[in-house]
Ligand code: 5GP
Ligand code: ZN
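And the structure:
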């Protein structure tokens, strides 16, 4: 079994609060939410960082999953934020690519 936390979720060894799943994607609620809606969208295939994402179709699927989930969660019209943290200075802590979908409150810019 891999040491990667999110691969363990894909394999079913750890069970997050899943909001969407298909053959390529898993989306689940963040354990430490930074907004009323905070969902992580991940590829099932292990990709460490955004720098390693070389599959344009998969990138599009991740983004389209975010817009669909934003609609489903009722945050599409008031607005929301999507974030890829990349590597240490980007604030990445889990080295399995994930897109944060955040909403349900006013976002501020610039982020910390
Ligand atoms: P990063 O800083 O790598 O962009 O974001 C990692 C995210 O994963 C954080 O928002 C953190 O709260 C979330 N996270 C870490 N461990 C777990 C876990 O075991 N379950 C869930 N659902 N989220 C986690
Ligand atoms: Zn992984």
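Residue numbers (the UniProt record's numbering): 1 to 112. By construction, the Cβ of each residue, glycine as well, lies at the ideal position given by its N, Cα and C atoms. As the structure is a computational prediction, the values presented were derived from the model and not from experiment.
Among the options, the one whose alpha carbon lies nearest that of residue i
| i | options | result |
| --- | --- | --- |
| residue 65 | 86, 32, 33 and 99 | 99 |
| residue 36 | 90, 75, 85 and 86 | 75 |
| residue 49 | 56, 87 and 5 | 87 |
| residue 38 | 102, 111, 108 and 112 | 102 |
| residue 57 | 6, 24 and 3 | 24 |
Residue i, enclosing alpha helix (DSSP H) - first and last residue
| i | result |
| --- | --- |
| residue 62 | 56-72 |
| residue 11 | 5-11 |
Residue i classed as buried or exposed, judged by whether at least 16 other C-beta atoms fall within 10 angstroms
| i | result |
| --- | --- |
| residue 27 | buried |
| residue 70 | buried |
| residue 14 | exposed |
| residue 94 | exposed |
| residue 31 | exposed |
| residue 63 | exposed |
| residue 110 | exposed |
| residue 43 | buried |
Which of helix, strand or coil DSSP assigns to residue i
| i | result |
| --- | --- |
| residue 20 | strand |
| residue 53 | coil |
| residue 29 | strand |
| residue 45 | coil |
Unbroken beta strand (DSSP E) run spanning residue i, endpoints
| i | result |
| --- | --- |
| residue 100 | 99-103 |
| residue 80 | 80-83 |
Interface flag, residue i vs chain B, CB-CB below 8 Å
| i | result |
| --- | --- |
| residue 15 | Included in the structure is just one protein chain, with no chain B present. |
Residues around ligand 2, please: the condition is that the C-beta lies closer than 5 Å to some non-hydrogen atom of it.
Here the list is 4, 6, 7, 46 and 96.
If you measure from each residue's Cβ to the nearest non-hydrogen atom of ligand 1, which ones come out under 5 Å, in chain order?
Ordered by chain, the residues meeting the criterion of a beta-carbon within less than 5 Å of a non-hydrogen atom of ligand 1 are 16, 30, 31, 32, 85, 92, 93 and 94.
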